[in-house]
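Participant: Following this note's numbering from start to finish, the sequence shown increments by one per residue and tops out at 173. Cβ atoms here follow ideal geometry from the backbone N, Cα and C, with glycine treated the same way. Here the structure is a predicted model, which is why all the values come from computation and not from measurement. My questions will all concern the structure given below.
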Amino acid sequence: MASRLLALDAAPRFEAAMGQRPIARTPHFSLHVMVERKLSTAPEVNTPVPVDESIGQVVEACGVVSQLRLGMVVPKRHARRSVTRNLVRRQVRECVRLHLAELPAGDWVLRLRAPFDRNTFRSAASTALRVGVRAEIEQLLRDALRRLASAQRPAPRTA
């Protein structure tokens, strides 16, 4: 029942995230993020954040549970074969799982925006395709984390 409620609630959230400018782009992918904002009155705690990888939730020190919600848009027009679409989804999930502790809670939507060259990647699920997809997704996450960190830094004061 809870998963159904989350699924009903997820569509408007992901649409709102897709309405934002992409935070990072590569030749084949774009990443849209809407980070959950904490209240300004919330206490700041500098303790390490425990991560429950089985459900993808980050348990904060104050006891509030924040979720990283991941959405993927892998259209058939850019990846004709289901094997390729599934390969992309698996690589996205694995990269996000590896970086889960670093990623802030919120709505993350990764979109395949261009097809892979069929002359370069002849097989629908070749090792070369898997490595290429993985490298682009890792680059997306690094760029997104860098941009989110720079946005969180306070602006320098001019005297």
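Relative to the alpha-carbon of serine 96, which residue among Ala138, Asp157, Ala25, Gly120 has its alpha-carbon at the smallest distance?
Facilitator: Counting from 1 along the sequence shown, the entry for residue 96 is found at position 82. Answer by Cα proximity: Ala138.
Participant: Quick one, which of Arg91, Met48, Thr134, Ser44 has its alpha-carbon nearest aspartate 157's?
Facilitator: Taking the sequence shown and counting its residues from 1, one reaches residue 157 at position 143. Taking only the C-alpha atoms, the option nearest aspartate 157 is Ser44.
Participant: Work out the CA separation of serine 140 and glutamine 153 for me, nearest whole Å.
Facilitator: As a working mapping, residue 153 is identified with position 139 in the sequence shown. As a working mapping, residue 140 is identified with position 126 in the sequence shown. Spanning the two alpha carbons is a distance of roughly 20 Å.
Participant: Determine which residues share a DSSP beta bridge with glycine 120 and list them.
Facilitator: Position 106 of the sequence shown, counted from the start, is the residue given in the question as residue 120. DSSP, once it has assigned bridges, lists Val49, Leu82 as partnering glycine 120.
Participant: Just to check my reading of the structure: glutamine 3 and isoleucine 151 have Cβ atoms closer than 8 Å, yes? What is that Cβ distance to the nearest angstrom?
Facilitator: Given that the chain is displayed from residue 15 to residue 173, the structure contains no residue 3 and the question cannot be resolved.
Participant: Roughly how many whole angstroms lie between the Cα atoms of alanine 38 and asparagine 133?
Facilitator: The residue labelled residue 38 in the question sits at position 24 within the sequence shown. The residue labelled residue 133 in the question sits at position 119 within the sequence shown. Their Cα atoms are separated by approximately 26 Å.
Participant: What is the DSSP secondary structure of alanine 30, reduced to helix, strand or coil?
Facilitator: Here residue 30 corresponds to residue number 16 of the sequence shown, with the count starting at 1. Three-state result, alanine 30: helix.
Participant: Is the Cβ-Cβ distance between leucine 101 and arginine 144 less than 8 Å?
Facilitator: By 1-based counting over the sequence shown, the position of residue 101 is 87. By 1-based counting over the sequence shown, the position of residue 144 is 130. Yes, they are a contact pair.
Participant: Give the C-beta separation of glutamate 50 and glycine 146 to the nearest angstrom, bearing in mind that I take them to be a contact with Cβ-Cβ under 8 Å.
Facilitator: Counted from its first residue, the sequence shown places residue 50 at position 36. Counted from its first residue, the sequence shown places residue 146 at position 132. Not a contact, Cβ separation roughly 32 Å.
Participant: Please determine whether the Cβ atom of arginine 160 lies at a distance below 7 Å from any heavy atom of the ligand ATP.
Facilitator: As presented, the structure is devoid of all ligands, the ligand ATP included, so that no description of it is given.
Participant: Whose C-beta lies closer than 7 Å to the C-beta of proline 36 among residues of the same chain, with five residues either side of it excluded?
Facilitator: In the sequence shown, counting from the first residue as 1, residue 36 sits at position 22. Counting only residues of its own chain and dropping the five nearest sequence neighbours on each side, proline 36 has a CB closer than 7 Å to the CB of Ser44, Leu45, His46.
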